[in-house]
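I have placed the structure first, in the form of structure tokens, so that the comments after it can refer back to it.
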Amino acid sequence: MTRHLHLRDISVSFNGFKALDGLNMSVGKGELRCLIGPNGAGKTTALDIICGKVKPSAGSVSFDGVTLEDMEEHQIARVGVGRKFQVPSVFRDLTVAENLEVARARRPGVWANLRWDARRAGREDIERLAQLVGLAEQLEQSAAHLSHGQTQWLEIGMLVAQDAELILMDEPTAGMTAHETRKTAELFVRLKGRHTLVVVEHDMGFVKAIGDVISVMHLGQLLAEGTAAEVEAHPDVRRAYLGSGGITNA
Amino acid sequence: MTSKTSPHNGIPQLSAQIAPLLLVCALVFALPLILNNDFLLNKIARYLVLGILTVSLALSWGYGGILNLGQAMSFGIGSYAMAMALKLKTIPVHTGSGGLPDFMVWNNVAQLPWFWMPFKSLGFALVAGVLAPALVAAALGWFVFRSRVTGVYVSIITLATMVVLNLVIIDQQSYTGGFNGITDLAQLELFGVAFDAYGRATYYLVAGCVMLSLLVAFAFTHTKAGLVVQAIRDHESRVRYFGYDVAAYQIFVFALSAAIAGLAGMLYTIVMEFASPTFLGVQISLSVVVWCAVGGRQSLVGAFLGAVLVAGMQGALSESAAFLETWTLVMGALFVLVVLFLPKGLAGLAQGVWRAIAQRRQATQEVAGTVGQTREGSA
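See the structure below:
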């Protein structure tokens, strides 16, 4: 597999706490990579580094040959990186349709978006997307009135609307029912191949259902990589999770 | 642009949203037909101009989430642009060589300063009255929004900038007329029509500009760029991760708002027949915020009516014997009540009532099929 996304020797610290300490990781094109690890391992920070929310103090990030660490967030997004946040982040005062429309940023410039016909063109797309994430009935409802699970789905739908090549998901199933989680897993498997996905997740059942390769992080570094069975058997992983009842209860 | 009423087609209910706007414009245009009092029409024209100013604030505050406490700065720049051009058209009593404005003669200025020169052309002044505030706002916005300054700090910076400009104008008396402002102006003449402050022509000019500003603001809020601006208001950082340059959108809406405020300022000079540093003072700038909040900052028509009604009330109260001393208290109480009980202003109240009526009608009829759902915050 080619090096699609590559993090090299990434370090970052917050007030002296080393959140990432020389992290190295590569993800291939079209891969669905799960990122797990105990609390404070630096999983979310790793996603923050890729999407530009946090700047590394050392190391570099490359995506399809483009160096990301010096770019601004919106420039990184334009290269094809999308991000779903742990706390579902949607536009609460806008309707579901408007949320999806904002996310569908084909032409992000101000002047291009002043045209009247810029909005009508995407309407069918938006209806199809709403169907996909089960919000077709709520299209004209304000996002503030959605349930937690629906909000999660809306943000996932927004990422599909964005159509980013690389999608970063931070705990996408948090607060979802078992049924919703299963639906999410199905969707992710469908996205795999066309998109590259990096998913931070605690739910091992979900990870096993979707993941090919699992990366385990610990203390800001990559600890192990492999299939679910491989990482579960890995002695370092067992040691990192010691006392917390093993990887399944992480 | 065609509008479709089905919520699943095109931009939903565009016609329903533009209806109140057109209705208000029609009322504004029809008023002189029933009101045969030039003095009163001038007064109303003044309130209408303040309404335009408030619409401009609704655009940046209600839609863009940028509370510009220095909105009157753009208003003042527009007002001075118009006054400078009209001043050079007067035939003053105390004129210097080449029609030098009277206050310059009194201040021993021998020659027209360079920045007054272009205002010999009325066309330049008309363009500058709109463009200069927009450019100043864009420059200020570039510094503020590129550095990701947000919230209350934006308000403080805009307020401070306006105060500085206000002090400069007062201080540079020989070039600006100082505290007295620019008075004794010629009448604006455009295409052979003279705009007397107390004439019908001026009223219709103001009415036309009311319609123009409302339509421009409405059109902008209904483009995708307008939608992105509202998304930025809701969750600024989130918008970045979709690839939008947030600062660029903020600068744009800030400048557009300033341009509309500049237009209002030019009209204010025509209606008041002078320009004064008080036009870009703290008092008017904060009044605009109150009008906007009372009317409903997330509704263009609401903000406009809020300004006309409250400014009209202010005028009436301050002139009545009973409230001569206490009218500011009455206004303050009104503001507090609205902020506490009507966070979306009078427009929000109207929308709530409208929705309740619609729901009741729906319940009684029990019609099958879709009934157009009302969208939040966009009457």
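Same order as they appear, the protein sequences are chains A and B. FYI, in my numbering the residues of the first sequence are 1 to 250. FYI, in my numbering the residues of the second sequence are 251 to 629. All C-beta atoms, glycine included, are put in the ideal place defined by N, C-alpha and C. Values in this document were obtained by computation on a predicted structure and should not be read as measured data.
Distances from the alpha-carbon of A/ALA228 to those of A/SER26, A/LYS192, A/VAL213 put A/VAL213 closest. Across the structure, B/LEU587 and B/LEU559 are spaced so that their CA atoms are roughly 16 Å apart.
A/VAL87: not part of any beta strand (DSSP E); DSSP gives it neither H nor E. Taking a contact to require three or more Cβ pairs closer than 8 Å, the region 385-400 of chain B and the region 491-507 of chain B qualify as touching. DSSP places A/VAL110 in the coil class of the three-state scheme, outside both helix and strand. A residue is called buried when at least 16 other Cβ atoms come within 10 angstroms of its Cβ; B/ALA467 meets this threshold and is buried. In this model, B/PHE353 and B/ALA447 are separated by some 23 Å (Cα to Cα). B/ASP421 is classed as exposed because its beta carbon has fewer than 16 other beta carbons within 10 Å across all chains shown.
Fully contained in the region 21-97 of chain A are the following alpha helix (DSSP H) runs of length 4 or more, in chain order: 43-51, 73-79.
Within 7 Å of the CB of B/VAL478, the CB atoms of chain A belong to VAL102, ASN113, in sequence order along the chain. In the DSSP assignment, the residues bridged to A/GLN221 are A/HIS218.
Using a CB distance cut-off of 9 Å, A/PHE14 does not count as an interface residue toward chain B. With a threshold of 16 other beta carbon atoms within 10 Å, A/GLN131 falls short and is exposed.
Under the three-state reduction of DSSP, B/GLY595 is assigned to helix. Going by DSSP, A/ILE167 is part of no alpha helix (DSSP H) but of the beta strand (DSSP E) stretching over 166-170. Just measuring C-alpha positions, the residue of B/PHE492, B/THR411, B/MET323 sitting nearest B/SER526 is B/MET323. It is roughly 47 Å from the alpha-carbon of A/HIS145 to the alpha-carbon of B/GLU575. Think of a sphere of 8 Å around the beta carbon of B/PHE502: the chain A residues whose beta carbon falls inside it are VAL110, in chain order.
Within the model, the alpha-carbon separation for B/ALA557 versus B/TYR425 is close to 32 Å. Rounded to whole angstroms, A/GLY42 and A/VAL160 show a C-alpha spacing of 25 Å.
Excluding residues up to 5 positions away in sequence, TYR313, GLY314, GLY315 lie with their Cβ nearer than 7 Å to the Cβ of B/ARG483 in the same chain.
Nearest CB-CB separation between A/ARG33 and chain B: not below the 9 Å threshold. The C-beta of A/SER89 comes closer than 9 Å to at least one C-beta of chain B. At the C-beta level, B/PRO351 and B/TRP364 stay beyond 9 Å of one another. Counting C-beta pairs with one atom in each stretch, the region 215-233 of chain A and the region 5-25 of chain A have three or more that are closer than 8 Å, which means they touch. A direct Cα-Cα distance of roughly 17 Å separates A/LYS18 from A/LYS53. Sorting B/ASN286, B/THR578, B/TYR491, B/LYS370 by C-alpha distance to the C-alpha of A/GLU73 places B/TYR491 at the top. Listed by position along chain A, the residues whose Cβ is nearer than 8 Å to that of B/ARG488 are PHE85, SER89, VAL90, PHE91. Judged by DSSP secondary structure, B/ASP421 falls outside any beta strand (DSSP E) and instead within the alpha helix (DSSP H) spanning 402-421. The beta carbon of A/HIS148 sits no closer than 9 Å to any beta carbon of chain B.
Close CB contacts of A/SER89 within its chain, under the 7 Å cut and outside five residues either way in sequence, are with GLU155 (chain order).
Bounds of any alpha helix (DSSP H) do not take in A/HIS4, whose DSSP letter is neither H nor E.
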